[in-house]
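Worksheet: the structure to be examined is printed underneath.
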Amino acid sequence: MLFIVLGGPAITRREFFLSQTVLSAAIRAHQGHPTGHGTQPLPNLLDPDHLTPFVDPLPIPQTAVAAGQRRSPDKSGVNLPYYRIAIREFTAKVHHDLPATRFWGYGGSVPGPTIEARSGQGVLIEWPNELPLKHFLAIDHNLMGADATNPAVRTVVHLHGAKAPPLSDGYPESWYTPGKSAVYHYPNEQESAQLWYHDHAMGINRLNIYAGMLGLYTIRDSTEDALDLPKGKYEIPLVLFDRFLTPQGQLYYPVSSRPEAPWVPEVFGDAILLNGKLLPYLEVEPCAYRFRILNGSNARFYHLSFANGLAFSQIGSDSGLLTAPVATKILSMAPAERCDIVVDFSAHAGDRFILRNDILDIMQIRVTRASTVKSAALPKTLRPVPKLDESSAVRTRILTLDEVDDLLDEPVTHLLNATRWHDPVTEKPVIDTTEIWSLVNLTDDAHPIHLHLVRFQILDRRNFDQTLYRYKKTLRYTGPAMPPEPGEAGWKDTVRADPGMVTRIIIHFSGYTGRYVWHCHILEHEDNEMMRPYEVVAAT
Ligand code: C2O
Ligand code: CU
Ligand code: CU
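Remember, the working numbering sits 921 above the position in the sequence shown when you count from 1.
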């Protein structure tokens, strides 16, 4: 990203946003793509720069409270905590000076209530659909599963990062309509990690999540407890998502220039919300804090840093703790990725400074003069992450990421391995075996690829000859294998597959047999064929 190095002269958010759009158009033009087709020009929208920044404190999502106990559906038959989190319409203020915004979400807030779970202790959650009957964002009926014959308002919940049985995983076609409900069982037979739940309804997932359907789910365990990391009010979730807002503060989702086919290939809003607030401030004490960060955006990648250059430690990635803290000053996060960091403010008593994305302000930090606690030192090591051995893999799959363009070179769809959702299932790993998936990116974009059910490790990324692969299906590497960055060298469930590169991941399939999905987590891509079923099968 070119703009990080500028740093100096003031540039407005809108100018920056436009410059990014123009820049990507220029890159596309340079690559022989004509510019500016496809997306309808934006209407008159709210310019976040015209709002007074840092007037609202950062909200912290409520913790969900169990409504009682119910019998587990599995053979144990024990009683489990039972939660009921309704999906409904509500309004919430994203900024002090704006009217309340209409959202659709979980339990009446966005992010929804956080579920606090313990490793090895299952929970049941009922997710009633109490939404209205008409959608407030434009559905594209040409997309798979979004036919006009289907009800407009449909939802199904997926717990991203969970090792959940197939019937509780939120299969995209298992949606249900207003008035209906589903009870899901989350066994939590997995290590401590920051998970998140969100909508997964076929063909309208991008609209439902944009409308507010996301929340956090935290699994803890005794290994993590023993590390004595900052906790309670010193542990703060940060859920990031970008939106466009109308001057009246309402959500605006861009549409194409064709009313009968409103899908657009990506959405990058210029209003970046943290825990549902625009330009909030956070008051902290001069001591150590743990931040659990989620990129919950439809398509935006973030590069987060503190404007005063404050260094911090990354201690965890998507699916749990890293082996040891990684010192850094900048975090890059693709859609759906999570980062667990510890920031020590003790040398900054009385300071005010900015958390920013590239060069744009997103939150102000206000450090108080004195702290009521003394932070424990960050442990030198956190948790072993045993390397999955390449030689243990029973199979390597070469899987392409493809872009299909129209006559103007605008993407009409993206595919996985040149297959569509309704093609027969081709990925059928055997339970309790290990595989290597080589993601061959034949497009011009980075795609965050996510697999349900499993956690995996990144082996490497490597440049290859795209032209040769396109015409001859021959894989010829043109550069050295690059290991994952230190902050992604632990357990992952979402991996950035960079353009022009082969990204290799190693996956051990365990837990359950049955039907799951893998997909790009750019939600516009996922909704338009960049998602495939896969099936974990029993050993024969
Ligand atoms: Cu974040 Cu298929 O999920
Ligand atoms: Cu998932
Ligand atoms: Cu994608």
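Using N, Cα and C, we set each Cβ at its ideal position, and we do this for glycine too.
Quick caveat: nothing in here was measured; it's all calculated off a predicted structure.
Cα-Cα separation, residue i to residue j
i: Glu1462; j: Val1288; result: The structure shown does not extend to residue 1462, since the chain is modelled only from 922 through 1461, so no value can be given for it.
i: Ile1140; j: Gly1170; result: 34 Å
i: Tyr1433; j: Asp1365; result: 35 Å
i: Asp1419; j: Arg1023; result: 35 Å
i: Ile1046; j: Asp1327; result: 43 Å
i: Val999; j: His1106; result: 12 Å
i: Pro1510; j: Arg1273; result: Shown here, the chain extends from 922 to 1461; a query on residue 1510 therefore has no answer.
i: Leu1463; j: Gly1271; result: An answer regarding residue 1463 cannot be provided, because it is not within the stretch 922 to 1461 covered by the chain.
i: Pro1305; j: Phe1212; result: 21 Å
i: Leu1052; j: Ala1132; result: 11 Å
i: Arg949; j: Ala1255; result: Unreliable placement is indicated for Arg949, whose pLDDT of 39 sits below 50; no coordinate value is reported for it.
i: Ala1114; j: Gly1066; result: 32 Å
i: Arg1179; j: Pro1099; result: 29 Å
i: Ala1038; j: Asn1109; result: 7 Å
i: Leu1396; j: Ile1251; result: 33 Å
i: Gly1043; j: Lys1393; result: 49 Å
i: Val1375; j: Lys1084; result: 6 Å
i: His958; j: Leu1064; result: At His958, the pLDDT of 44 sits below 50, so the modelled position is not reliable and the matter cannot be decided from this model.
i: Thr942; j: Ile1130; result: With a pLDDT of 47 at Thr942, under the threshold of 50, the predicted position of this residue should be treated as unreliable, though the coordinate-derived value follows. For Thr942 and Ile1130, the distance between alpha carbons rounds to 23 Å.
i: Ser1030; j: Pro1049; result: 15 Å
Check: residue i C-beta below 6 Å from any heavy atom of ligand 2
i: His1081; result: yes
Residue range of the unbroken beta strand (DSSP E) whose run includes residue i
i: Gln1387; result: Premise fails: Gln1387 lies in the alpha helix (DSSP H), 1387-1393, not in any beta strand (DSSP E).
i: Thr1293; result: No beta strand (DSSP E) holds Thr1293; DSSP gives it neither H nor E.
i: Gly1245; result: Correcting the residue identity first, residue 1245 is Ala in this sequence and not Gly. Residues 1241-1249.
i: Cys1260; result: 1259-1265
i: Glu1456; result: 1452-1457
i: Val1306; result: Neither: Val1306 is in no beta strand (DSSP E) and is coded neither H nor E.
i: Cys1441; result: 1435-1441
i: Met1422; result: 1422-1430
i: Gln990; result: 989-992
i: Gln1115; result: 1114-1120
i: Ile1036; result: 1033-1039
i: Ala1418; result: 1415-1418
i: Leu1396; result: From DSSP, Leu1396 is part of no beta strand (DSSP E); its letter is neither H nor E.
i: Phe1024; result: 1022-1027
i: Ala1192; result: 1192-1195
Collapsed DSSP secondary structure at residue i in the structure displayed
i: Arg1127; result: helix
i: Ala931; result: Legend: pLDDT at Ala931 = 45, less than 50; position of this residue unreliable, no value from coordinates given.
i: Asp1365; result: coil
i: Ser1226; result: strand
i: Pro1168; result: coil
i: Ser1312; result: helix
i: Lys1152; result: coil
i: Ser1234; result: strand
i: Ser1089; result: helix
i: Pro1180; result: coil
i: Asp970; result: helix
i: Gly1408; result: helix
i: Ala1268; result: helix
i: Thr942; result: The predicted model places Thr942 with a pLDDT of 47, which falls under 50 and marks its position as unreliable; any figure quoted below should be read in that light. Reduced to three states, the DSSP call for Thr942 is helix.
i: Ser1359; result: strand
i: Glu1010; result: strand
i: Asp1327; result: coil
i: Asn1000; result: strand
i: Asn1219; result: coil
i: Trp1048; result: coil
i: Ile1319; result: strand
i: Ser1461; result: This sequence places Thr at residue 1461; Ser is not what is there. Looking at Thr1461 - three-state DSSP - the assignment turns out to be coil, as it is neither helix nor strand.
i: Gly1133; result: coil
Residue i - containing alpha helix (DSSP H), residue span
i: Leu1444; result: 1444-1448
i: Ala1147; result: 1143-1147
Any non-hydrogen atom of ligand 1 closer than 6 Å to residue i Cβ
i: Ala1007; result: no
i: Ala1477; result: In the structure displayed, the chain extends from 922 to 1461; residue 1477 sits before or after that span and is not available.
i: His1371; result: yes
i: Ala1418; result: no
i: Ala1013; result: no
i: Ala1257; result: yes
Residue i: CB within 6 Å of a non-hydrogen atom of ligand 3
i: Ile1443; result: yes
i: His1062; result: no
i: Met1123; result: no
i: Met1451; result: yes
i: His1440; result: no
Worksheet entry | 3-residue-minimum beta strand (DSSP E) runs that sit fully inside the segment 1050-1081, ordered along the chain | 1078-1081
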